[in-house]
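Only one structure is covered here, and it is reproduced in the block below.
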Amino acid sequence: MKRIVGRPALSYNCAMSTGQTGETDLLAIALRWREAGQRAAIATVVSTWGSAPRPAGSLLVCNDAGQFAGSVSGGCVEVAVIEAAAEVMRTGAPTLLEYGVSDEQAFGVGLACGGRIRVYVEALE
Amino acid sequence: MRLGMARALIAAQRDARAVVLFTPLDGGLQRLLDAEGLTLLALTDPGLATAGREALRSDRTHVYNEQVLVTPHNPPQRLIIVGAVHISEALCSMALAAGYAVTVIDPRSAFLRPERFPGVTLVNEWPQQAFAALQPDARTAVVLLTHDPKIDDPALLAVLPTPAFYVGALGSTRTHARRLERLAEAGVDEAGRTRIRGPAGLSIGARTPAEIAISVLAQMTQALRQEGGARGSAS
């Protein structure tokens with residue numbers, strides 16, 4: 047049987063939200079990280095084309111310890127966004143990311159649904 | 054985003070104030086405006102102010118002029134349930150998960166135990182008084198679960214004149230037919246009577262309290278997202 051080789055094991059952990067997952071609840075989670083002395087970043091879905099799973103305005107928040115909460119897709123591009131957010135947290139400079147249809151590699155970054163999304167990533171500072 | 058802006062956004066949500074966040078995609082300074090701020094913005098940048106109002110009205114995020122991300126933060130949708138019955142417990146927890154701020158009204162204090170309804174506002178009053186204070190708006194759903202005419206009928210009379218996007222009443226088809234007759238005698242016109250979803254909930258063969266709650270929440274979602282119920286609070 048052909049084995050599909052993906053990315054190595056990831057050191058990111060989905061943080062528990064408090065039952066509610068509204069966008070303001072996610073901001074509150076990011077704020078608590080900052081108040082605890084961690085760095086935090088906010089990723090916002092800016093626009094979507096085709097059958098993207100999360101609408102514009104959806105949020106993912108993450109910190110420099112590898113925790114995250116919320117989503118910008120159905121799990122397809124979250125890791126790539128969190129990796130980009132690490133750079134944003136280091137430099138403080140926001141960035142605009144774009145993701146399209148998934149590539150051939152099963153675990154490569156991309157949207158399996160065939161949609162396209164743009165994501166704005168900024169530090170909370 | 055600045056820490057102060059995140060705090061202001063969270064405070065606005067807590068105080069049920071509608072605000073719009075403007076994020077320039079070139080990394081420029083963000084702005085957070087309420088209705089008053091939008092009025093001032095209209096003096097200098099009417100296009101952007103209109104984009105902000107439109108975002109609140111449609112409850113949708115969009116990009117203005119390929120330059121500015123316009124994100125509405127409307128207060129949460131409200132669900133007001135009349136009757137602290139078994140189905141209410143399931144409907145409360147599901148509606149909270151779906152992002153509603155939930156209130157339960159029941160004049161019978163024996164039913165209205167806080168431990169049954171974590172995270173829910175409880176109102177131990179008759180529906181007429183309760184609704185006069187709660188004032189359902191276009192982002193409010195009302196569900197009547199007592200099927201006791203003493204409680205449900207006054208609730209309907211209080212709710213039907215309001216712009217609530219969903220009014221559902223539990224009870225069999227026969228119970229509902231009798232309810233409609235009573236409302237007609239009480240002077241509720243046909244438009245008012247047909248607004249009531251009765252028996253409440255989508256027809257999915259629900260039997261248990263949790264399944265009935267699923268069918269009611271599904272019908273509320275349909276009213277909100279497919280029937281143009283998702284109106285924001287922008288004036």
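Chains as they are written, first to last, in the working numbering: chain A, 47 to 171; chain B, 54 to 288. Glycine included, every Cβ here is placed at the ideal spot set by N, Cα and C. Source: prediction; values computed, not measured.
Rounded to a whole number of angstroms, what is the C-alpha to C-alpha distance between residue i and residue j?
i	j	result
leucine 165/B	alanine 151/B	22 Å
proline 207/B	glutamine 272/B	23 Å
glutamate 150/A	alanine 86/A	Bear in mind that a pLDDT of 47 at glutamate 150/A, under 50, signals an unreliable position, so the number given afterwards is only what the model happens to contain. Whole-angstrom Cα-Cα distance: 32 Å.
alanine 239/B	glycine 80/B	59 Å
threonine 274/B	glutamate 81/A	36 Å
alanine 61/A	glutamate 234/B	53 Å
glutamate 171/A	alanine 139/A	11 Å
alanine 148/B	proline 99/B	37 Å
threonine 76/B	leucine 209/B	43 Å
alanine 263/B	glutamine 279/B	23 Å
methionine 135/A	valine 92/A	19 Å
glycine 103/A	serine 146/B	25 Å
arginine 248/B	proline 189/B	15 Å
alanine 98/A	leucine 91/B	30 Å
leucine 101/B	leucine 142/A	21 Å
alanine 283/B	arginine 113/B	Because alanine 283/B carries a pLDDT of 46, less than 50, the predicted location of this residue cannot be relied on, and the following value inherits that uncertainty. Each residue's alpha carbon lies about 10 Å from the other.
alanine 132/A	threonine 103/B	35 Å
glycine 146/A	proline 160/B	55 Å
glutamate 107/B	alanine 276/B	20 Å
glycine 172/B	lysine 203/B	27 Å
asparagine 109/A	arginine 70/B	28 Å
glutamine 106/A	leucine 74/B	First, the residue type needs correcting, since residue 106/A is leucine and not glutamine in the sequence shown. Those two C-alpha atoms are separated by around 16 Å.
leucine 72/A	glycine 221/B	31 Å
Going by DSSP, name the residue or residues bridged to residue i.
i	result
cysteine 108/A	Ala87/A, Phe114/A
alanine 154/B	Arg131/B
tyrosine 145/A	Ile163/A
arginine 250/B	Gly221/B
asparagine 118/B	None; asparagine 118/B has no bridge partner.
serine 97/A	Answer is none; serine 97/A lacks a bridge partner.
cysteine 34/A	Since the first and last residues shown for chain A are 47 and 171, residue 34/A lies out of range.
leucine 144/B	Partner(s): none; leucine 144/B has no beta bridge.
histidine 311/B	Chain B is shown from 54 up to 288; residue 311/B falls before or after that span and cannot be answered.
valine 123/B	Phe75/B, His115/B
Starting from residue i, trace the beta strand (DSSP E) both ways and give me its first and last residue.
i	result
alanine 169/A	162-170
proline 167/B	Neither: proline 167/B is in no beta strand (DSSP E) and is coded neither H nor E.
arginine 84/B	84-86
valine 125/A	Taken as a continuous stretch (DSSP letters only), valine 125/A belongs to no beta strand (DSSP E), being part of the alpha helix (DSSP H) at 124-137.
In terms of residue numbering, what span does the alpha helix (DSSP H) encompassing residue i cover?
i	result
valine 269/B	262-278
proline 99/B	99-111
leucine 73/A	69-81
Inset, instruction - Quick one: which unbroken alpha helix (DSSP H) runs of 4-plus residues sit fully inside the segment 170-235 of chain B? Chain order, please. - result: 180-187, 202-212
Inset, instruction - Determine contact between the segment 134-149 of chain B and the segment 190-200 of chain B, defined as no fewer than three beta-carbon pairs at a distance below 8 Å. - result: yes
Inset, instruction - Would you check if the segment 121-129 of chain B and the segment 61-80 of chain B touch, i.e. whether three or more CB-CB distances between them fall below 8 Å? - result: yes
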